[in-house]
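Residues in the sequence shown are numbered from 201 upward in steps of one, following my numbering. Glycine is no exception: its CB is placed at the ideal position from the N, C-alpha and C atoms. All values derive from a computational prediction rather than experimental measurement. Just below is one structure, and these are the notes that go with it.
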Amino acid sequence: MIRTAKRSVGRLLSRLLRLLFLAVGLPAAFGHAAGLPEGFRWAPGPANALALSALEIEQQPGRLQPWPSASLLHNGAQPPTYWITAGMGIARLGIDDHPLAAAWRVEATASGARLVHVPMADVKAPEVRVVQHSELLPMTCASGFTDDCTSIDGVLRIHTSFEGKKRTRTVGGGFYGTEGTIQQDVYTGTRTLTITHQPTGRSLQLTERLNDTPAYTAQQTAIRYLPSLRRVLLLGVVKDRGMPLAHCVVLPEAAATSTAAQR
């Protein structure tokens with residue numbers, strides 16, 4: 201009976217997972233109509249600023265993209281090999297992979313990194329495990345409308361700030377806006393995301409223009425810190441007209457000297 205119940209729960213969660221990945225494309229498609237934020241944009245900073253480069257992705261036709269909720273995995277080697285997956289199930293809970301699930305191995309390049317498509321079987325080898333978000337960054341790091349946090353190893357600081365005006369408006373309550381009215385705070389101004397390499401003080405800044413935009417939170421998995429590769433992956437943080445893009449930040453060599461960074 202317990203086994204049957206677990207299978208039923210697993211099937212239900214698998215269906216919910218499919219609906220999640222179907223729904224995540226809607227905000228990008230209707231962002232302007234719904235008044236949703238368009239996301240951060242990057243512009244080159246000072247000469248010593250950290251550079252942002254496009255993340256190369258081997259994309260298989262019809263498969264999921266590595267956002268909005270990608271899993272990070274690695275093996276026990278030193279240095280470890282990292283993988284990114286989208287739509288991977290949870291075997292111990294009886295949750296199957298999404299039919300369009302995809303997996304990539306992270307490879308460092310001179311200018312950043314690339315995601316090389318691999319079979320799902322590669323990430324299910326006995327020595328490969330999921331990296332919990334809290335192992336590298338605090339659980340709430342980079343998820344708030346404004347925030348300030350430091351990586352567990354002390355190398356990376358992620359700071360989100362807002363400058364502008366806030367006002368309160370009355371909007372319809374409930375999912376469809378038909379359940380009475382509620383008060384909602386909206387913001388007009390500039391939101392800034394700063395990623396700083398603490399040992400050198402070098403940083404990268406992304407800015408977002410807001411115009412009567414409600415406060416929102418971001419997926420914790422949108423920023424992936426890979427200390428052993430000295431890379432930070434931004435999966436959908438930067439957007440172009442509401443569509444998510446993938447980027448990589450290369451950290452200076454000083455990160456490699458941190459003992460805690462050798463995970």
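Could you give the C-beta distance for residue i and residue j, rounded to a whole number, given that I count them as a contact under 8 Å?
i, j, result
"R329", "A302", "Actually they are not in contact, since the Cβ atoms of R329 and A302 sit about 19 Å apart, beyond 8 Å."
"A251", "V450", "7 Å"
"L272", "V331", "5 Å"
"D412", "V386", "5 Å"
"A249", "L433", "The pair is not a contact, with the Cβ atoms about 18 Å apart (cut-off 8 Å)."
"W242", "V438", "6 Å"
"T400", "P452", "5 Å"
Exposed or buried, what is residue i when buried is set at 16 or more other beta-carbons lying within 10 Å of its beta-carbon?
i, result
"Q260", "exposed"
"F240", "buried"
"S343", "buried"
"G436", "buried"
"Y282", "buried"
"A455", "Residue confidence is low: A455 scores 42 on pLDDT, short of 50, so the model does not pin down where it sits. Its coordinate-derived value is still stated next. With 16 or more Cβ atoms within 10 Å of its Cβ, A455 is classed as buried."
"G312", "buried"
"P280", "buried"
"T309", "exposed"
"R367", "exposed"
"G374", "exposed"
"M288", "buried"
"R325", "Reading off the sequence shown, one finds Ala at residue 325, where the question assumed Arg. Answer is exposed; the Cβ neighbour count stays below 16."
"A472", "Look at the range of the chain in this structure, 201 to 463, and you will see that residue 472 is not part of it."
"T360", "buried"
"R391", "buried"
"A291", "exposed"
"R369", "exposed"
"A446", "buried"
"P319", "exposed"
May I have the straight-line CA-CA distance separating residue i from residue j, to the nearest angstrom?
i, j, result
"G377", "V371", "7 Å"
"D322", "Q265", "18 Å"
"T350", "A286", "26 Å"
"G380", "T407", "35 Å"
"T339", "H333", "Per the sequence presented here, residue 339 reads as Met, with Thr not at that position. Those two C-alpha atoms are separated by around 6 Å."
"A233", "G442", "Unreliable placement is indicated for A233, whose pLDDT of 37 sits below 50; the coordinate value is still reported in the next sentence. So the alpha carbons of these two residues sit roughly 11 Å apart."
"V306", "E363", "36 Å"
"L300", "L255", "21 Å"
"E327", "D440", "38 Å"
"T396", "D297", "36 Å"
"C341", "Q383", "27 Å"
"V316", "K365", "43 Å"
"R314", "I284", "11 Å"
"G389", "A270", "30 Å"
"H274", "R402", "27 Å"
What are the boundary residues of the beta strand (DSSP E) that residue i is part of?
i, result
"S343", "Premise fails: S343 is in no beta strand (DSSP E) and is neither H nor E."
"G389", "T381 to H397"
"A286", "Y282 to A286"
"G372", "L356 to G372"
"N411", "R402 to P414"
"K324", "From DSSP, K324 is part of no beta strand (DSSP E); its letter is neither H nor E."
"L445", "M443 to V450"
"A476", "The displayed coordinates of the chain run from 201 to 463. Any statement about residue 476 would go beyond what the structure contains."
"S428", "Premise fails: S428 is in no beta strand (DSSP E) and is neither H nor E."
"V306", "A302 to A308"
"L272", "S271 to H274"
Quick check: is any heavy atom of the ligand FAD less than 7 Å from the C-beta of residue i?
i, result
"G401", "No copy of the ligand FAD appears in this structure; indeed no ligand is present at all."
Margin query: Below 8 Å, how does it come out for the segment 351-358 and the segment 416-436: are there three or more Cβ pairs, yes or no?
Written below: yes
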